[in-house]
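Sequences listed follow chains A and B, in order. In this text, residue positions in the first sequence follow the numbering used here: the first is 234, and each later residue adds one. In this text, residue positions in the second sequence follow the numbering used here: the first is 234, and each later residue adds one. Note sheet for the following structure.
There are 2 protein chains.
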Amino acid sequence: MDERVPRDFETLRTTILERRQSLPKRIAQIAAYALDNPDDIAFGTAASIAASAGVQPSTLIRFAQQLGFDGFTSLQLVFRERLRERNSSYDERLAALRAKAEEGAGHRAIFDGFVAAASTSLNDISDRLNEDHFEAAIALLAKAETIYVLAKRRSYPVASYIAYALGKLKIRNQLIESAAGLNAEIISFASPRDAVIAISFSPYAPATIEEARVISEQGVPIVAITDSSFSPLAQFAKVWFEVAEADFAGFRSLSATMALAMALTVAVGEKRRDTGGKRKA
Amino acid sequence: MDERVPRDFETLRTTILERRQSLPKRIAQIAAYALDNPDDIAFGTAASIAASAGVQPSTLIRFAQQLGFDGFTSLQLVFRERLRERNSSYDERLAALRAKAEEGAGHRAIFDGFVAAASTSLNDISDRLNEDHFEAAIALLAKAETIYVLAKRRSYPVASYIAYALGKLKIRNQLIESAAGLNAEIISFASPRDAVIAISFSPYAPATIEEARVISEQGVPIVAITDSSFSPLAQFAKVWFEVAEADFAGFRSLSATMALAMALTVAVGEKRRDTGGKRKA
DNA sequence: GGCAATATGAAATAATAATTCCAATCGATA
DNA sequence: TATCGATTGGAATTATTATTTCATATTGCC
Chain A
234 MDERVPRDFE TLRTTILERR QSLPKRIAQI AAYALDNPDD IAFGTAASIA ASAGVQPSTL
294 IRFAQQLGFD GFTSLQLVFR ERLRERNSSY DERLAALRAK AEEGAGHRAI FDGFVAAAST
354 SLNDISDRLN EDHFEAAIAL LAKAETIYVL AKRRSYPVAS YIAYALGKLK IRNQLIESAA
414 GLNAEIISFA SPRDAVIAIS FSPYAPATIE EARVISEQGV PIVAITDSSF SPLAQFAKVW
474 FEVAEADFAG FRSLSATMAL AMALTVAVGE KRRDTGGKRK A
Chain B
234 MDERVPRDFE TLRTTILERR QSLPKRIAQI AAYALDNPDD IAFGTAASIA ASAGVQPSTL
294 IRFAQQLGFD GFTSLQLVFR ERLRERNSSY DERLAALRAK AEEGAGHRAI FDGFVAAAST
354 SLNDISDRLN EDHFEAAIAL LAKAETIYVL AKRRSYPVAS YIAYALGKLK IRNQLIESAA
414 GLNAEIISFA SPRDAVIAIS FSPYAPATIE EARVISEQGV PIVAITDSSF SPLAQFAKVW
474 FEVAEADFAG FRSLSATMAL AMALTVAVGE KRRDTGGKRK A
């Protein structure tokens with residue numbers, strides 16, 4: 234029929250959004266309905282969909298034709314295909330992504346690779362998280378006066394999000410970053426009544442390790458997020474988590490670490506609320 | 234027209250497996266096919282399914298009737314319902330986790346919630362990424378002399394990871410952060426030969442928007458990562474991405490944004506290598 | 001305000017698909 | 001091996017559903 238008919242849902246979606254302005258009223262109505270209720274389009278009959286959207290079946294067909302399909306039926310195929318793909322199990326999806334990324338099909342493959350790496354890491358951590366360690370870490374951090382957050386380089390984004398979240402939750406915290414080279418001084422203020430969250434992955438930033446050493450010698454308890462039991466961070470930590478992040482193109486995903494970090498932060502906030510800032514409510 | 238007709242897929246599945254032995258040959262053949270290719274049953278017509286399974290349409294109907302349905306159509310409904318539910322299961326799972334976490338069902342629920350939020354976001358973006366925008370953004374960034382990275386508050390972690398990655402790839406970049414309040418000066422150095430990656434989600438940090446405005450007025454092209462077409466960032470951007478991050482306990486996941494950011498960064502690095510840093514290799 | 005072009009509604013029609021029916025085949029049992 | 005009941009294949013029938021058509025309404029333009 235037409236020249237460039239959208240064959241996959243995403244293209245279709247984009248096309249619809251682009252033309253949204255220039256569509257006649259009823260057609261626009263159906264367009265909006267289609268994007269809002271894609272499942273109904275996939276399963277319904279022309280009559281039932283038209284009724285739900287408040288238009289005539291013929292309008293539905295005109296809508297399809299305007300997009301270049303030769304009828305409602307071919308339009309519906311796209312919506313069905315979408316469901317099929319979406320529905321393929323999580324693992325299959327992941328495998329497909331990896332395969333696509335590996336065969337190196339252009340820039341899209343790079344994107345797929347990062348998504349796959351992130352998904353893998355999340356899958357992984359959700360199986361492996363040690364709940365006892367998790368509870369211990371929460372308890373330790375919940376009773377700290379100030380939580381120090383320590384991470385450099387590739388782990389720094391996690392630290393900055395932790396600091397942001399702690400601030401939002403009104404939990405006193407100090408991000409140890411070296412803008413002015415005053416880290417040593419900041420660290421020297423930490424006392425055993427405080428606590429540290431330290432994050433470092435191989436190759437461990439020497440500064441992180443060194444600072445962790447110093448601070449642990451001051452008797453400040455450390456919760457570490459790192460990548461193996463051989464990590465130099467682990468030896469200084471009261472509690473530590475092993476997080477295996479998949480990497481792609483030389484860059485490690487941070488999804489699992491982020492999820493763990495956020496969970497820790499929010500759980501600490503909750504525990505403090507329960508225990509009561511003022512020792513028992 | 235039986236008494237206990239299986240209404241959901243799982244019951245149906247069990248019923249089929251139970252009776253498998255006692256079914257006549259062709260009916261068993263269709264039964265096996267149905268369990269192996271549930272998607273085909275959901276979408277196909279009686280004729281097409283029968284053909285794929287190697288039986289007659291009438292057999293398909295007999296199969297349905299034997300299970301207590303009054304015809305193929307009602308059997309098919311169960312298979313369709315399954316697809317619908319499966320499809321929404323991510324969101325539902327997330328909703329369930331949220332509810333669980335709210336009623337205080339332990340810290341593990343919080344962790345699961347963050348993992349689910351991250352997975353949902355990744356799934357979502359992998360379906361929705363607009364490849365044309367993606368290519369356009371890469372092209373735009375690849376020819377920039379310096380890439381400025383602009384993001385505050387909750388988006389800042391992403392910016393810092395982008396800056397880290399760009400640095401690793403030896404791509405000149407400048408993170409616009411206000412440690413010393415010199416942002417305005419830093420921004421004033423940007424020229425139309427440069428480019429900006431700006432990231433902001435609702436509620437948009439006013440500083441980000443303002444700086445994006447200023448920098449776009451200097452003619453510097455902006456690639457924006459934001460959350461909707463109504464975002465104030467979108468109007469200043471040459472290319473923008475809509476990323477819908479699920480949130481949990483008030484904190485937005487960053488997984489999808491991170492994956493996109495990393496993909497952009499690495500793709501830019503790759504494009505530069507191909508095009509040749511020194512104008513054609 | 002009148003005219004043409006476009007859009008919409010409703011019903012008729014065509015296409016497609018589900019179901020039924022009947023004859024043919026198969027399989028167990030005496 | 002003959003016979004009865006169950007099973008199957010294939011075509012006829014019926015139902016449902018998409019599509020077309022045409023009259024009517026709406027919109028934009030002069």
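C-beta: ideal position from N, C-alpha, C; glycine also.
Residue 238 of chain B carries a coil assignment under DSSP once its states are collapsed to helix, strand and coil. Assigned with DSSP and collapsed to three states, residue 387 of chain B falls in helix. Residue 303 of chain A is not a Cβ neighbour of residue 477 of chain A, given a cutoff of 9 angstroms. Shown here, residue 427 of chain A sits in coil according to DSSP, grouped into three states, outside any helix or strand. Looking from the CA of residue 257 of chain B, the closest CA among B/359, B/460, B/288, B/456 belongs to B/288. By the rule that beta-carbons nearer than 9 angstroms mark a contact, residue 475 of chain A does not touch chain B. No Cβ-Cβ contact shorter than 9 angstroms links residue 482 of chain A with residue 454 of chain A. Residue 443 of chain A: member of the alpha helix (DSSP H) spanning 439 to 450, first to last residue.
Counting C-beta pairs closer than 8 angstroms gives three or more between the region 346 to 364 of chain B and the region 489 to 503 of chain B, which meets the contact rule.
Two segments are said to touch when three or more pairs of C-beta atoms, one from each, lie closer than 8 angstroms; by this definition the region 415 to 426 of chain B does not touch the region 388 to 399 of chain B. With a cut-off of 8 angstroms on Cβ pairs, the region 254 to 274 of chain B is not in contact with the region 338 to 355 of chain B, counting fewer than three such pairs. For residue 463 of chain A, there is no enclosing alpha helix (DSSP H), as DSSP gives it neither H nor E. Closest in alpha carbon position to residue 240 of chain B, among B/252, B/264, B/313, is B/313. Relative to residue 351 of chain A, the option among A/297, A/503, A/485 whose CA is nearest is A/485.
With contacts defined as CB atoms closer than 9 angstroms, residue 402 of chain A and residue 278 of chain A fail to qualify as a contacting pair.
For the region 362 to 389 of chain B, the set of positions with a beta-carbon nearer than 7 angstroms to some beta-carbon of chain A reads 362, 363, 364, 367, 368, 371, 386, 387, 389 in chain order. Taking 8 angstroms as the upper bound for CB-CB distance, residue 264 of chain A and residue 296 of chain A are in contact here, some 6 angstroms apart. For residue 378 of chain A, no alpha helix (DSSP H) segment is defined, and its DSSP state is neither H nor E. Taking 4 residues as the minimum length, the alpha helix (DSSP H) runs contained wholly in the region 240 to 327 of chain B are 242 to 252, 258 to 269, 271 to 276, 279 to 286, 290 to 299, in order along the chain.
When C-alpha distances from residue 365 of chain A are compared across A/508, A/473, A/505, A/251, the shortest belongs to A/473.
Contact of residue 243 of chain A with chain B is assigned, a C-beta pair being separated by under 9 angstroms. Here the C-alpha atom of residue 328 of chain A lies approximately 30 angstroms from the C-alpha atom of residue 464 of chain A. In this structure, the straight-line span from the alpha carbon of residue 404 of chain B to that of residue 425 of chain B is close to 17 angstroms. At a cut-off of 9 angstroms between beta carbons, residue 306 of chain B makes no contact with chain A. Beta-bridge analysis with DSSP links residue 490 of chain A to no other residue.
The Cβ atoms of residue 420 of chain A and residue 395 of chain A lie no closer than 9 angstroms to each other.
Of all residues in the region 262 to 282 of chain A, the ones placed with a Cβ closer than 7 angstroms to any Cβ belonging to chain B are 272, 276, in chain order. For residue 347 of chain B, the enclosing alpha helix (DSSP H) has its first and last residue at 339 to 361. As the crow flies, the alpha-carbon of residue 310 of chain B is around 47 angstroms from that of residue 507 of chain A.
Neighbours of residue 260 of chain A in chain B, taken as residues at a C-beta separation under 7 angstroms, are lacking, since the least C-beta distance is about 20 angstroms. Here residue 455 of chain A carries a strand assignment [DSSP, helix/strand/coil]. Under DSSP, the beta-bridge partners assigned to residue 472 of chain B are B/456. For residue 347 of chain A, a Cβ of chain B is located within less than 9 angstroms of the residue's own Cβ. In terms of Cβ geometry, residue 367 of chain B and residue 315 of chain B do not form a close pair [threshold 9 angstroms]. The continuous alpha helix (DSSP H) containing residue 420 of chain B extends over residues 416 to 421.
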